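Here is the structure we will look at.
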C-alpha cells in the first residue's frame, strides 16, 4: 500500500538511515557498531602519529605553564611532566584495550559498567569538556591564522576594527576565526578512518617545527635563560609545600584525563588489539620532548623582551622574519586542527551518538559541535569566564573516578569478558536495575564527593574549605583509586552483579587469518554458542 511521506510521523524523518544499524535496535547504528575486521588498520606507527597529533598542540604549552607557575624550574618540571604522562598512559592503555578487544567505542563499552541508560550521564560528563575546549581552541587557532595573514600582507596588522571594546574580539580576529572555522569543520566531517592521513601529515610537519623553535630558543639564550637555569623566583602559594609536586602531577594528568576514559574510540581501530608496549611509551616520550619547546620558547621571550609569555600567537607576533612567522603559524594551525579532531570533535560526536543512535550519528553531532564553536562566542568565554576555565582545568576530578570505575569493572570484576552483542541489546545482561548499575554510581560518587569542596575552591578561591584543598591537589589519582577500590568491594562482597558476568566472552567477527579469541582454548559448548550468535546477528542484518 502506498503511504504518502507527509503521513509519516515527524520523528521518522529525523531518524538516521534504517540500514545503518547492524543489530536493528535503538542502541545501534553503523557509527557505534563494532568496526569490521577490514577497517581495523591502525598499527603502532599510526598511534604514535595520533599522539603526536594530539600532544604537540597549544594545550601542552598551557599545561606546562600551569606547572611552572607553581614555582618549579625547567629541571624540576620535566620529571613531573614525564611521570604525569606515564601515569595517565597506563590508564589510557587499559581503556584503549577495551575498545581494541571488542572493536567498540567508549559509549558502547561504558554500558557494561554503568548500564544502558546509566551510560548517559557518564557520556555527558566526558562530552562537555570536549565541547568547551573545542570552542575555546577555535579562537586560538584563529589567532595563528591571523599571524599567517600578517606575514603575507603586513598591512593586515592595521586592519580596521568596527567592533566595540566590549565585543571581546576585534574585526581582524573574528574574520580569522571564521576562516579557520571553515577549514576545521571540513576536516572534522571526514570519516575518522581517513583522518589517520591528517595525523600522519601532522606527525611529519609539526615535530620539526617544535624542534626548530627549541633550537632557536637555545641559540638565542646561549643554552638557557633564567627560566631554565633557575635564577628566577616565580611567586606561588604552593612553594615549600609537600603538595606542590602532587599538584603539578595532577595538572599534567588532567591534560589527557578525558582521553583516559574514551580511548576505546580510537583503540577499536587497532589491527592487533593494541599489542606491544608502544601505546604506553608514546605519551610520556612525545609529551616530555614536546614540553621542552614551550619552556625554552617562553624563556627566550623573557630573555629578548623582558617578560614571560606562554601564549604562542603573542610570541610569534614578535618574530622579525615574515617567513618564520608564516611557517610557524601554519604549523600550529595544523597542530590545533589535529588536536581538535583527536580530542574534541570526534570524541564528542562519537560519544553523543551513543545516547540516541537512531537520531544522532557522528556526522550530525559534528555539525552540532561545529555550530556551537561559533554561536557560543568563545572569545567572550576566554575574556570573561575565568571561573569556567578553572572549572575545565579541574575537570580531571570527575575523570579520575570515572576511569577508576571503568577499569575496575572491566579488569577486576568482569575479567575482560564481555558479550559484545548484549552491549546493543536493550534489556539484556547489562540492563541491571531499570537500565542503571547503581554499584558503578556509588563508586563514582565515593571517588568524587571528597573532592567537591576543593573543586569549588578552584573556581572561587575565596572559599574556605580547610584540609579538603590538600586532597584536591592530587584529585585525579585520589578519585581513580578510591573509586576503583569502592567498586571492587561493592561488586565482590556487597552485591555481586551476577547477571552481567559471562563465562565466555563474545567477540565481534575476526579476520580470517586470525584465530577468533572466543574460540581459542574453549570447549565445544562455547564454540557452538559463538556460532549460534553469529547466525542470529547475520539473520537480523
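Numbering (our numbering), first residue to last: 1394 to 1934. Virtual Cβ for every residue (Gly too), placed ideally from N, Cα, C. Everything numeric in this text was worked out from a predicted model, so none of it was measured.
Handout entry: The alpha helix (DSSP H) enclosing residue 1543, as first and last residue numbers
Key = Along the chain shown, read from residue 1 onward, the residue named residue 1543 stands at position 150. From DSSP, the alpha helix (DSSP H) with residue 1543 extends over 1512-1545.
Practice task
Check whether the Cβ atoms of residue 1647 and residue 1789 sit closer than 8 Å, and answer yes or no.
Solution key: Residue mapping note: residue 1647 aligns to position 254 of the chain shown, counting from 1. Residue mapping note: residue 1789 aligns to position 396 of the chain shown, counting from 1. It is a contact, given that the beta carbons lie within the stated cut-off.
Practice task
For residue 1829, write down the residues that DSSP places opposite it in a beta bridge.
Solution key: As a first step, residue 1829 must be located in the chain shown, where it is residue number 436. Residue 1829 is bridged to 1826.
Problem - Enclosing alpha helix (DSSP H) for residue 1573 [first to last residue] - result: Within the chain shown, numbered from 1, the residue matching residue 1573 stands at position 180. Looking at the DSSP string, the run of the alpha helix (DSSP H) that includes residue 1573 is 1564-1581.
Practice task
Taking the CB atoms as reference points, tell me whether residue 1883 and residue 1836 lie closer together than 8 Å.
Solution key: Within the chain shown, residue 1883 is the residue found at index 490, counting from 1. Within the chain shown, residue 1836 is the residue found at index 443, counting from 1. Against a cut-off of 8 Å, the Cβ pair of residue 1836 and residue 1883 comes out as a contact.
Handout entry: Burial state of residue 1443 (16 or more Cβ within 10 Å)
Key = Walking along the chain shown from the start, residue 1443 turns up at place 50. Residue 1443 comes out buried.
Practice task
Quick one: which unbroken alpha helix (DSSP H) runs of 4-plus residues sit fully inside the stretch 1736-1773? Chain order, please.
Solution key: 1739-1746 and 1755-1768
Exercise for the section: Could you tell me how far apart the beta carbons of residue 1427 and residue 1495 are, in whole angstroms, since I believe they sit closer than 8 Å? Expected result: As a working note, residue 1427 is residue 34 in the chain shown. As a working note, residue 1495 is residue 102 in the chain shown. That pair is a contact at about 7 Å.
Practice task
For residue 1628, I'd like the list of residues in its chain whose CB is within less than 6 Å of its CB, leaving aside the five on either flank, ordered along the chain.
Solution key: Locating residue 1628 in the chain shown gives position 235, counting from the first residue. Per-residue confidence for residue 1628 stands at a pLDDT of 48, beneath the threshold of 50, marking its modelled position as unreliable; no derived number is given.
Practice task
Check whether the Cβ atoms of residue 1828 and residue 1876 sit closer than 8 Å, and answer yes or no.
Solution key: Sequence index remark: in the chain shown, residue 1828 carries index 435 (1-based). Sequence index remark: in the chain shown, residue 1876 carries index 483 (1-based). Cβ atoms of residue 1828 and residue 1876: not closer than 8 Å.
Practice task
Starting from residue 1814, trace the alpha helix (DSSP H) both ways and give me its first and last residue.
Solution key: Here residue 1814 corresponds to residue number 421 of the chain shown, with the count starting at 1. It is not in any alpha helix (DSSP H) - residue 1814 carries neither H nor E in the DSSP assignment.
Problem - Distance, residue 1438 Cα to residue 1590 Cα - result: Counted from its first residue, the chain shown places residue 1590 at position 197. Counted from its first residue, the chain shown places residue 1438 at position 45. Residue 1590 and residue 1438: Cα-Cα distance of roughly 12 Å.
Handout entry: Member of 1866, 1473 and 1490 whose CA lies at the smallest distance from the CA of residue 1937
Key = The requested residue 1937 does not occur in the structure, where the chain is confined to residues 1394 to 1934.
Problem - Cα-Cα separation, residue 1813 to residue 1901 - result: In the chain shown, residue 1813 corresponds to position 420, counting from 1. In the chain shown, residue 1901 corresponds to position 508, counting from 1. Approximately 7 Å, taken between the alpha carbons.
Practice task
Following the continuous alpha helix (DSSP H) through residue 1671, name the residue where it begins and the one where it ends.
Solution key: As a working note, residue 1671 is residue 278 in the chain shown. Run containing residue 1671: 1671-1698, per the alpha helix (DSSP H) assignment.
Practice task
Could you please give me the residues that DSSP links to residue 1663 through a beta bridge?
Solution key: Walking along the chain shown from the start, residue 1663 turns up at place 270. The partner list for residue 1663 (beta bridge, DSSP) reads 1435.
Handout entry: Straight-line gap, residue 1719 to residue 1432 (C-alpha atoms, nearest Å)
Key = Start at 1 with the first residue of the chain shown, and residue 1719 comes out as number 326. Start at 1 with the first residue of the chain shown, and residue 1432 comes out as number 39. Rounded to the nearest angstrom, the two C-alpha atoms are 37 Å apart.
Practice task
Look at the alpha carbon of residue 1499 and the alpha carbon of residue 1715, and state the distance between them as a whole number of angstroms.
Solution key: What you label residue 1499 is simply residue 106 of the chain shown in a count that begins at 1. What you label residue 1715 is simply residue 322 of the chain shown in a count that begins at 1. When rounded, the distance between both Cα atoms is 44 Å.
Exercise for the section: Check residue 1899 in the structure and name its three-state DSSP category. Expected result: By 1-based counting over the chain shown, the position of residue 1899 is 506. Residue 1899: strand per DSSP, three-state reduction.
Problem - Residue closest to residue 1619, alpha-carbon to alpha-carbon, out of 1594, 1701 and 1549 - result: Taking the first residue of the chain shown as 1, we reach residue 1619 at position 226. When only C-alpha atoms are compared, the closest one is 1701.
Problem - Presumed contact (8 Å Cβ cut-off) between residue 1419 and residue 1840, rounded CB distance - result: The sequence position of residue 1419 within the chain shown is 26, counting from 1. The sequence position of residue 1840 within the chain shown is 447, counting from 1. Not a contact, Cβ separation roughly 31 Å.
Handout entry: residue 1650 and residue 1481 closer than 8 Å at C-beta
Key = Mapped onto the chain shown, residue 1650 falls at position 257. Mapped onto the chain shown, residue 1481 falls at position 88. In contact: residue 1650 and residue 1481 (Cβ atoms closer than 8 Å).
Problem - Option in 1725, 1603, 1682 and 1574 with minimal Cα separation from residue 1472 - result: By one-based count along the chain shown, residue 1472 stands at place 79. Of 1725, 1603, 1682 and 1574, the residue nearest in Cα terms is 1682.
Exercise for the section: Decide if residue 1668 is buried, meaning its Cβ has at least 16 other Cβ atoms within 10 Å, or exposed. Expected result: If you number the chain shown from 1, residue 1668 lands on position 275. Exposed, since its Cβ has fewer than 16 Cβ neighbours within 10 Å.
Exercise for the section: For residue 1494, decide whether its Cβ has a neighbour in chain D, counting only Cβ atoms nearer than 8 Å. Expected result: Of the protein chains in the structure, only one exists, and it is not chain D.
Handout entry: residue 1677 vs residue 1488 beta-carbon contact at 8 Å
Key = Your numbering for residue 1677 matches position 284 in the chain shown. Your numbering for residue 1488 matches position 95 in the chain shown. The answer is no: Cβ separation not under 8 Å.
Problem - 8 Å Cβ cutoff met for residue 1823 and residue 1847 - result: Numbered from 1 along the chain shown, position 430 holds the residue referred to as residue 1823. Numbered from 1 along the chain shown, position 454 holds the residue referred to as residue 1847. No, these two residues do not count as a Cβ contact at 8 Å.
Exercise for the section: For the stretch 1446-1454 and the stretch 1730-1741, state whether three or more C-beta atom pairs, one from each stretch, are separated by less than 8 Å. Expected result: yes
Problem - When 1563, 1903 and 1685 are compared against residue 1555, the one with the closest alpha-carbon - result: On the chain shown, residue 1555 is found 162 positions in, with the first residue counted as 1. Checking every option, the nearest Cα to that of residue 1555 belongs to 1563.
Problem - Local conformation of residue 1561 per DSSP, three classes - result: Counting from one through the chain shown, the residue named residue 1561 turns up at place 168. DSSP places residue 1561 in coil when its eight states are reduced to three.
Handout entry: Bounding residues of the alpha helix (DSSP H) (the contiguous stretch that carries residue 1950)
Key = Limits of the chain in this structure are 1394 at one end and 1934 at the other, which puts residue 1950 out of reach.
Exercise for the section: Return the chain-ordered list of same chain residues with a C-beta closer than 7 Å to the C-beta of residue 1578, the five sequence neighbours on each side being excluded. Expected result: The count along the chain shown starts at 1 and reaches residue 1578 at position 185. Once the five neighbours on either side are set aside, the close Cβ partners of residue 1578 are 1763.
Handout entry: Cα-Cα separation, residue 1534 to residue 1640
Key = Here residue 1534 corresponds to residue number 141 of the chain shown, with the count starting at 1. Here residue 1640 corresponds to residue number 247 of the chain shown, with the count starting at 1. Cα to Cα, the separation comes out at about 28 Å.
Practice task
Could you name the residues of the same chain whose beta carbon sits closer than 6 Å to that of residue 1484, not counting the 5 residues immediately before and after it, in chain order?
Solution key: Residue numbering aside, residue 1484 sits at position 91 when the chain shown is read from its first letter. If we look at residue 1484 and ignore the five residues flanking it on each side, its Cβ neighbours are 1653 and 1796.
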